[in-house]
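> Handing you this structure, nothing more for now.
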């Protein structure tokens, strides 16, 4: 049916100011309209709080509390939030559940995140935080579980072959490969950001 084809992943790019940007992806647990609603609500809240200039810790705590209030039907959502500061030339990454992300420099690919419980499950939040210095040409890749879920971690080797391709080309090819490997069963989202010289 139509509802079964609804993607449970939501994402946004938001601008705090000229030099600060955030990339956010959330995967609602399950699939269909309920998962979509959960991830959409999570992303919308994060977007508003980022734009209001709240700290990362405050943002994650607030969203976790709100998801716990709503969890009479066990609704949970994963959160991947990359805060990009171009003036300081760094990216700070907050992860709560979901698939690992990747940071690529030249042909070297670094895996970001070990996978933790989604937001809304525990009162004490199991989040992971990472920081990377940005160099021109670096590539940031965030994926949902539907892309990463397959035998073996094929993404680093796959990403390392693409040197200076446009981020959209890499995202498209990665998605095609994920469908080949995993089928179309789970929702699949790929976000790729290439840092150009600044």
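In my numbering, the protein residues as written are 16 to 213.
Each residue gets a CB set at the ideal place from its N, CA and C atoms; glycine is no exception.
This one's a predicted model, so the numbers in the text were calculated from it and none came from an experiment.
#1: Alpha carbon to alpha carbon, what distance is there between residue 108 and residue 68?
#2: Should residue 151 be labelled buried (16 or more other beta-carbon atoms within 10 Å of its own) or exposed?
#3: Can you say whether residue 211 is buried or exposed, counting buried as having 16 or more other CB atoms within 10 angstroms of its CB?
#4: Between the Cα of residue 121 and those of 189, 153 and 49, spot the shortest distance and give me the residue it belongs to.
#5: Helix, strand or coil, according to DSSP, for residue 128 in the structure here?
#6: In the DSSP assignment, find the beta strand (DSSP E) that holds residue 38 and state where it starts and stops.
#7: Between residue 194 and residue 40, how many whole angstroms is the CB-CB distance? I'm expecting something under 8 Å.
#8: Which class does residue 20 belong to by DSSP, given the choice of helix, strand or coil?
#9: State the DSSP-derived secondary structure class of residue 144, mapped to helix, strand or coil.
#10: Report yes if the C-beta distance between residue 143 and residue 110 is below 7 Å; otherwise report no.
#11: So residue 155 is in the alpha helix (DSSP H); what residue range does that whole segment cover?
#12: Return the CA-CA distance between residue 170 and residue 163, expressed in angstroms with no decimal places.
#13: Going by the CB atoms, is the gap between residue 92 and residue 59 shorter than 7 Å?
Taking the definition as stated:
#1: Each residue's Cα considered, the two are about 16 Å apart.
#2: Result: exposed.
#3: With fewer than 16 Cβ atoms within 10 Å of its Cβ, residue 211 is classed as exposed.
#4: Sorting 189, 153 and 49 by C-alpha distance to the C-alpha of residue 121 places 153 at the top.
#5: The answer is coil: DSSP assigns residue 128 none of H, G, I, E or B.
#6: Its beta strand (DSSP E) spans residues 35-43.
#7: With a contact defined as Cβ atoms closer than 8 Å, residue 194 and residue 40 miss out at about 18 Å.
#8: Caution is warranted here: a pLDDT of 48 is assigned to residue 20, below 50, making its placement in the model unreliable, and no coordinate value can be reported.
#9: If DSSP states are grouped into helix, strand and coil, residue 144 belongs with the strands.
#10: Taking the C-beta atoms as reference points, residue 110 is found nearer than 7 Å to residue 143.
#11: Taken as a continuous stretch (DSSP letters only), residue 155 belongs to no alpha helix (DSSP H), being part of the beta strand (DSSP E) at 154-158.
#12: In a straight line, the C-alpha of residue 170 is about 8 Å away from that of residue 163.
#13: Judged by beta-carbon spacing, residue 92 lies beyond the 7 Å limit of residue 59, meaning their Cβ atoms are not closer than that value.
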